[in-house]
Ligand code: DC
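Numbering (our numbering), first residue to last: 871 to 1078.
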C-alpha cells in the first residue's frame, strides 16, 4: 500500500501521516524534512541572501541522514528557506529519486509506505493507492503552531507565525514546478475543526 499525503503548512498532514504509518505498519517519509535539510546546509555554508541554484542543487545531492535529524530543522528561518529552495527545479530533481525509491522499497517488515509533502500525489507518486490533501483556515493553523511553540517554552508572536505560514503557502502554490495543489483524485480533509483522533479516524474510513 502506498499513501500520499499533501497539504498546506501546519495543516496536520505530518501528524496524519505518522499516525496512519503506525496504524497500517507503513514506512513514513516526511519529505518536508528533505527541503529543510537542504535549507539548513545552505544557511550554514552561505551568507548570501540570494540562493545560487547550483549551490542549492549540490547541497541537495550531499544531504545526509544527520541533516534530517538536526534540531534546527524546525526553526522558522529554516522553514522560510526551505520553501525558497523548494522552488529551484534542480533541487527538486536531486531529491526525486530518493523519495520514489523510499516509497517503492519499504523495509521487509513494513506493509507499504506513506509520504507527506506538497507534491506527493501530483508528481512524486501519481499512482499512489490513496491520496489525501489536508487544509484548514490559516487562523486555525497559525493558532495551533503558536500554541505548540508556547507549550515548548519558546517565544512566539501569533501575527509573525500567521504571516510566515501565509508567505510559505503563497510561494509553494505559485511556483511553476510541482506547485502545492491537490491531485485530482485526492480526498480532501479539512482538519480545522477536528481533533487529531477524529482526523485519523476519518482518513482510516477511506482506506479500509
Ligand atoms: O512540510 P514542511 O513544512 O516541513 O515543508 C517545508 C517546505 O518544504 C515547504 O514550505 C515547501 C517545501 N516542500 C516541498 O516543496 N515539497 C514537498 N514535498 C515537501 C516540502
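We put the beta carbon where it would ideally sit given N, CA and C, even for glycine. Since this is a predicted model, take the numbers as computed values, not measurements.
Taking all protein chains in view, the Cβ of residue 1023 is surrounded by fewer than 16 other Cβ atoms within 10 Å, so the residue is classified as exposed. By the beta-carbon neighbour count (other beta carbons within 10 angstroms, threshold 16), residue 976 is buried. Secondary structure at residue 932: coil, using DSSP grouped into helix, strand and coil. Residue 882 is bridged by DSSP to nothing; it lacks a bridge partner. Under the DSSP assignment, residue 1078 falls outside any beta strand (DSSP E); it carries neither an H nor an E label. For the segment 990-1060, the continuous alpha helix (DSSP H) assignments of 4+ residues that do not extend past its boundaries occur at 1008-1021 and 1028-1044, in sequence order. Going by C-alpha positions, residue 1041 is about 19 Å away from residue 943.
With a cutoff of 7 Å, residue 960 does not count as near the ligand DC, since its C-beta is closer than that to no heavy atom of the ligand.
Taking the Cβ of residue 987 as the reference point, at least one heavy atom of the ligand DC falls within a distance shorter than 7 Å. In the DSSP assignment, residue 877 falls within the beta strand (DSSP E) that extends over 872-877.
Per DSSP, residue 983 is one residue of the beta strand (DSSP E) stretching across 983-987. Going by beta carbons, residue 938 and residue 892 fall outside the 8 Å limit.
Residue 1046 and residue 958 have their alpha carbons spaced roughly 10 Å apart.
Within the chosen limit of 7 Å, the ligand DC reaches the beta carbon of residue 903 through at least one heavy atom. The beta-carbon distance between residue 909 and residue 875, rounded to whole angstroms, is 21 Å. This is too long to meet the 8 Å contact definition. Residue 950 carries a helical assignment under DSSP once its states are collapsed to helix, strand and coil.
Secondary structure note for residue 896: it is in no alpha helix (DSSP H), with a DSSP letter that is neither H nor E. The criterion of a C-beta distance shorter than 8 Å is not satisfied by residue 923 and residue 897. The C-beta distance from residue 1060 to residue 1005 rounds to 6 Å, short enough to fall under 8 Å.
The continuous stretches of alpha helix (DSSP H) do not include residue 980, and DSSP gives it neither H nor E. Scanning its chain for C-beta atoms nearer than 8 Å, with the 5 sequence neighbours on each side dropped, one finds around residue 1074 the residues 890 and 893, in chain order. DSSP places residue 958 outside both helix and strand once states are collapsed to three, so it counts as coil.
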